[in-house]
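Asks:
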Amino acid sequence: MRKRIIILGSTGSIGKAALEVINALGDEVEIVGLAAGNNWRLLAQQTARFGVEQVAIGAESGYDGLKRDCPSGTKVFAGTAGVAELVAESEANLVLSAIVGAAGLPATLAAAERGMDIALANKESLVIAGSLILPLARERGGRLIPVDSEHSAVFQALQSGRREEVRKIYLTASGGPFRTWSADRIEQATLAEALQHPTWEMGPKITIDSATMMNKALEVIEAVWLFDVGPEQVDVLVHPESIVHALVEYCDGSVIAQLGPPDMKTPIQYAITFPRRVPGLAEPLRWDEIGSLNFELPDFEKFPALRLGYEAARRGGSSGAVLNAANEAAVERFRGEQIRFGEIAAVTEEVCRRHRLIEQPTLDELLESDAWARQEVNACCRR
Ligand code: MG
């Protein structure tokens with residue numbers, strides 16, 4: 437069946453890679469909707485280039501420019517609600533959810549509500565509201581197909597056995613730019629240093645999350661939701677080469693890993709063409725150049741964000757929403773050079789510690805917890 441896809445976050449790093457992948461797939465995929473946060477100029481170009489009929493811009497201020505630059509007859513939505521409306525009104529059967537951060541949640545929920553398959557790059561939506569999205573998708577018959585490289589790898593490795601045969605899931609981590617630095621030096625790292633990822637080219641927010649290892653913390657929670665395992669079954673392995681993306685250990689001791697070049701086009705394409713595989717755009721691995729693959733355990737002292745991820749995964753309820761929102765707000769402050777690198781995790785931890793857990797939160801309670809955490813970060817930073 438021909439895939440009719442909506443790309444949420446089409447002007448970001450994942451969205452742009454997805455357009456390249458879809459362009460190469462040809463007639464197999466039709467883009468029926470595009471949405472972006474702010475960059476209405478690029479969104480208008482993409483709309484014209486791919487002949488898309490419905491588009492949405494998250495920032496209301498972008499509406500006039502987008503409307504003017506899109507081909508006439510294009511239906512244009514605006515605002516966070518407008519992005520969700522685009523999903524709710526469309527006839528898509530697959531949604532690529534690649535808006536960064538909590539902002540991606542409403543549209544992801546709308547896709548689950550409609551029973552569409554969701555190619556999920558927006559890990560934050562599961563971290564915040566996995567307890568709502570998973571049952572909703574199941575009830576409405578939509579599948580969640582991970583795009584995050586580690587989770588795509590787990591998803592692929594899980595096809596070698598049954599869920600109840602899984603003993604452990606290992607998510608690999610490059611270790612980020614500060615893997616070999618001392619704790620003191622990490623504390624003082626500059627914005628430019630945090631933005632230099634050793635192996636992956638990604639957007640700024642996730643690159644900073646990789647430097648603190650909060651990205652891996654969020655991925656642990658994401659894995660718990662996606663694969664229905666306990667946090668004690670998910671381990672992190674530092675693997676500086678970023679070739680092995682994840683490993684699944686089965687009860688008989690066999691380990692199935694997925695390997696590939698560190699190029700997001702591969703997991704994006706797999707999520708779109710699943711369950712089929714078709715020729716891809718990434719350069720094949722060169723084993724003679726790789727030589728050796730290394731693994732080490734993560735340093736929880738140097739990267740306290742990782743511990744916060746496990747704590748939130750164990751506590752459940754509203755704690756993922758608070759962890760994510762506090763981190764987003766702290767990263768924003770760091771990007772504005774208002775706090776030091778070491779303070780990102782410290783402030784996030786402080787806010788998580790003050791939060792009063794809601795065990796079975798509603799969507800409104802999750803959104804309130806999110807807003808509360810952001811205010812608390814501001815209060816912490818003022819002191
Ligand atoms: Mg990842």
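Using my numbering, read the sequence shown as starting at 437 and increasing by one per residue. By construction, the Cβ of each residue, glycine as well, lies at the ideal position given by its N, Cα and C atoms. Quantities reported herein were computed from a predicted structural model and do not represent experimental measurements.
Leaving aside the five residues before and after V512 along the sequence, list all residues of the same chain whose C-beta is less than 7 Å from its C-beta, in chain order.
Replies: V491, Y499, L502, K503, C506
Asks: Which residue from T798, Y706, I692 puts its Cα closest to that of K604?
Replies: Of the candidates T798, Y706, I692, the one whose C-alpha sits nearest the C-alpha of K604 is I692.
Asks: If I581 and A707 are in contact, beta carbons under 8 Å, what's the gap, nearest whole angstrom?
Replies: So it is a contact: roughly 4 Å between Cβ atoms.
Asks: For a minimum of 3 consecutive residues, which ranges assigned as the beta strand (DSSP E) are wholly contained in the segment 442–496?
Replies: 465–472, 490–493
Asks: Going by the C-beta, is E655 closer than 7 Å to any heavy atom of ligand 1?
Replies: yes
Asks: So E434 and D584 are in contact, right, with Cβ under 8 Å, and what is the actual spacing, rounded?
Replies: No answer is possible for residue 434: the residues shown for the chain start at 437 and end at 819.
Asks: Going by beta carbon distance, what residues of the same chain come within less than 8 Å of V660, once the five residues before and after it are set aside?
Replies: G566, G666, P667, V670, A749
Asks: Compute the minimum distance between the beta carbon of L466 and the heavy atoms of ligand 1, and state whether it is under 7 Å.
Replies: Note that residue 466 corresponds to Glu in the displayed sequence, not to Leu. The answer is no for E466.
Asks: Measure the C-alpha to C-alpha separation of A762 and D724 and round it to an integer number of angstroms.
Replies: 43 Å
Asks: Where does P734 sit, in a helix, a strand or coil, going by DSSP?
Replies: coil
Asks: Out of K452, E732, R810, which has the shortest C-alpha to C-alpha gap to Y606?
Replies: Comparing Cα-Cα distances from Y606 to each of K452, E732, R810, the minimum goes to E732.
Asks: Excluding five sequence neighbours on each side, which residues of the same chain lie with their C-beta closer than 8 Å to the C-beta of N814?
Replies: A765
Asks: Can you list the beta strand (DSSP E) stretches of 3 or more residues lying completely in the segment 636–678, in chain order?
Replies: Complete beta strand (DSSP E) runs here, min 3: 670–674.
Asks: By Cβ distance, which residues of its chain are closer than 6 Å to E786, with the 5 residues on each side in sequence left out?
Replies: Beyond the five residues adjoining it in sequence on each side, E786 comes within less than 6 Å, by CB distance, of C816 in the same chain, given in chain order.
Asks: Assuming contact is defined by CB atoms lying nearer than 8 Å, are G778 and I569 in contact in what I supplied?
Replies: no
Asks: From the DSSP output, read off the bridge partner residues of D500.
Replies: DSSP lists no partner for D500.
Asks: H587 lies in the alpha helix (DSSP H); which residues open and close that run?
Replies: 585–593
Asks: Could you round the C-beta distance between S533 and A543 to whole angstroms and report it? I think they count as a contact, below 8 Å.
Replies: 7 Å
Asks: Taking 7 Å as the limit between beta carbons, can you name the residues of its chain near G518, skipping five residues before and five after?
Replies: These residues qualify, in order along the chain: A492.
Asks: Sorry if obvious, but does the Cβ on D584 come closer than 7 Å to a heavy atom of ligand 1?
Replies: yes
Asks: Can you tell me whether I692 is helix, strand or coil according to DSSP?
Replies: strand
Asks: Just to confirm my understanding: we take F739, look at its own chain, exclude 5 residues before and 5 after, and list those with CB closer than 7 Å. What are they?
Replies: T648, M649
Asks: For A539, which residues from the same chain have a beta carbon less than 8 Å from its beta carbon, with the 5 sequence-adjacent residues on both sides left out?
Replies: G473, G494, T516
Asks: Could you tell me if the beta carbon of N529 falls within a distance shorter than 7 Å of some heavy atom in ligand 3?
Replies: This structure simply doesn't include ligand 3; it includes ligand 1 instead.
Asks: Cutting at 6 Å between CB atoms, please list the residues of its own chain near W636, excluding the five before and the five after it.
Replies: P698
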